[in-house]
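Novice: Numbering (our numbering), first residue to last: 1198 to 1470.
A virtual CB, placed ideally from N, CA and C, is assigned to each residue, including glycine.
#1: Considering only C-alpha positions, which residue in the set 1415, 1340, 1440 and 1228 is nearest to residue 1362?
#2: Residue ranges of each beta strand (DSSP E) run of no fewer than 3 residues wholly in the region 1231-1312, ordered along the chain?
#3: If we ignore side chains and look at the alpha-carbon of each, how far apart do residue 1233 and residue 1456 end up?
#4: Rounded to whole angstroms, what's the CA-CA distance from residue 1256 to residue 1440? Just pull it up for me.
#5: Between the Cα of residue 1330 and those of 1464, 1220 and 1458, spot the shortest distance and give me the residue it belongs to.
#6: Compute the Euclidean distance between the alpha carbons of residue 1292 and residue 1324, then round it to the nearest angstrom.
#7: Identify the residues that DSSP records as bridge partners of residue 1368: which are they?
#8: Quick test of your reading: residue 1468 and residue 1443, contact by CB under 8 angstroms. State the CB separation rounded to the nearest angstrom.
#9: For a test of the three-state rule: what should DSSP assign to residue 1222, helix, strand or coil?
#10: Taking the C-alpha atoms as reference points, what is the distance between residue 1461 and residue 1447?
#11: In or out: residue 1226 buried (at least 16 other Cβ within 10 Å) or exposed?
#12: So, at 8 angstroms on beta carbons, what are the nonlocal neighbours of residue 1451 in its own chain, with the 5 sequence-adjacent residues on each side left out?
#13: Got a sec? Which residues, its chain only, sit under 6 angstroms from residue 1307 by beta carbon, not counting five neighbours each side?
#14: Which first and last residues belong to the alpha helix (DSSP H) in which residue 1333 is found?
#15: DSSP three-state label for residue 1314, please.
#16: Could you check what DSSP says for residue 1469 in three-state terms: helix, strand or coil?
#17: Mapping DSSP to helix, strand and coil, what is residue 1388?
#18: Straight-line CA distance for residue 1240 to residue 1389?
#19: Mind the definition here: the region 1362-1381 touches the region 1340-1351 only if three or more C-beta pairs lie below 8 angstroms; say whether that holds.
#20: Whole angstroms are fine: how far does the CA of residue 1238 sit from the CA of residue 1522?
#21: When you compare each of 1336, 1402, 1449 and 1470 to residue 1438 by their alpha carbons, which one comes out closest?
#22: Pop quiz: residue 1398 and residue 1374 are said to be a contact at Cβ under 8 angstroms. What is the actual Cβ separation, rounded to whole angstroms?
#23: When you compare only the Cα positions, how much space is there between residue 1246 and residue 1356?
#24: Just the C-alpha distance for residue 1371 and residue 1309, rounded to the nearest angstrom, thanks.
#25: Where do the ends of the beta strand (DSSP E) carrying residue 1413 lie?
#26: Excluding the 5 residues flanking residue 1305 on each side, which residues of the same chain have their C-beta closer than 6 angstroms to its C-beta?
#27: What's the call for residue 1405, buried or exposed, on a 16-neighbour Cβ count within 10 Å?
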């Protein structure tokens, strides 16, 4: 028989090396993007609650898949009521709730904002590992890679076109954003990035008109139509430019969060190039 201390050391080593880890059984998501990753990668029985945004068809690609899964408002008090063994959130979502839940000892994990398709692959793998379903991520990534390769083969020989995005409050998207990477994957040159814009930044209507893009992507869904934020999108000068240039309307749910749905956005843009 091994001495007690040796037996204990071996037992600890085996425990460290063992890949077996219990799957979380009650997972709560605090925001739209993690909602969708859970719906894609977790077993339905594992999902204790999703955020209220999960059922908003204007934003959520998987709104119809939520069904009777309970919803939350991203407050710590409500999350505690679901007795979660894992809470997930994207960066900048539910920050106050995340801090309180961590202080109370809950397992809370956060995902950074995805700024490229490669980062989407990593996030799929990460969430699949957290939920104990790595095979689901592998299948999703393989399908995405195959579809993107087909899109390049079908449309890659078309000329690049100059594009700029314009959203409520005059915001555009520069380099270091997921939309910039989607533009590149679809064969477009992002004029905002060529201006030196990084991330999300407002630009004047005069700057937009001077850029004279081949294609405009105007996002009318991020704010109510009658809001002050959306008023710039109704400016007569923008209407004149839109009348002379092609306007892309890529549905928000296809591009606002990381996931396989971004390939649909790439395909819609590539076909129009």
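Specialist: Working from what's here:
#1: Minimum Cα distance to residue 1362 is reached at 1415.
#2: Look at the region 1231-1312 and you find these whole runs of beta strand (DSSP E), each 3 residues long or longer: 1244-1248, 1283-1287 and 1305-1308.
#3: CA-CA distance, residue 1233 to residue 1456, rounds to 8 angstroms.
#4: Rounded to the nearest angstrom, the two C-alpha atoms are 27 angstroms apart.
#5: For residue 1330, the closest C-alpha among the options 1464, 1220 and 1458 is that of 1220.
#6: Per the coordinates, the alpha-carbon of residue 1292 lies some 19 angstroms from the alpha-carbon of residue 1324.
#7: Paired residue(s): 1364 and 1399.
#8: At roughly 12 angstroms, the Cβ-Cβ gap does not stay under 8 angstroms, so residue 1468 and residue 1443 are not in contact.
#9: It is coil, neither helix nor strand.
#10: In this structure, the CA atom of residue 1461 is about 9 angstroms from the CA atom of residue 1447.
#11: By the beta-carbon neighbour count (other beta carbons within 10 angstroms, threshold 16), residue 1226 is buried.
#12: The residues are 1258, 1458, 1459, 1461, 1462 and 1465.
#13: Apart from the 5 residues on each side of it in sequence, residue 1307 sits with its Cβ closer than 6 angstroms to the Cβ of 1286 and 1288 in its chain, given in chain order.
#14: 1331-1352 is the extent of the alpha helix (DSSP H) around residue 1333.
#15: Assigned with DSSP and collapsed to three states, residue 1314 falls in helix.
#16: Looking at residue 1469 - three-state DSSP - the assignment turns out to be helix.
#17: If DSSP states are grouped into helix, strand and coil, residue 1388 belongs with the helices.
#18: Our two residues, residue 1240 and residue 1389, have alpha carbons roughly 40 angstroms apart in a direct line.
#19: Proximity of the region 1362-1381 to the region 1340-1351 falls short of the contact definition, fewer than three beta-carbon pairs being nearer than 8 angstroms.
#20: Any answer about residue 1522 is impossible in this case: the structure gives the chain only from 1198 up to 1470.
#21: Looking at the Cα atoms, 1402 is the closest of the given residues.
#22: Contact doesn't hold; Cβ gap of about 10 angstroms is too wide.
#23: The alpha-carbon atoms of residue 1246 and residue 1356 are separated by roughly 46 angstroms.
#24: So the alpha carbons of these two residues sit roughly 18 angstroms apart.
#25: Boundaries of the beta strand (DSSP E) around residue 1413: 1412-1415.
#26: Counting only Cβ-Cβ distances below 6 angstroms, and skipping sequence neighbours, we find 1284, 1295, 1298 and 1299.
#27: The residue in question, residue 1405, is buried, as its Cβ has 16 or more Cβ neighbours within 10 Å.
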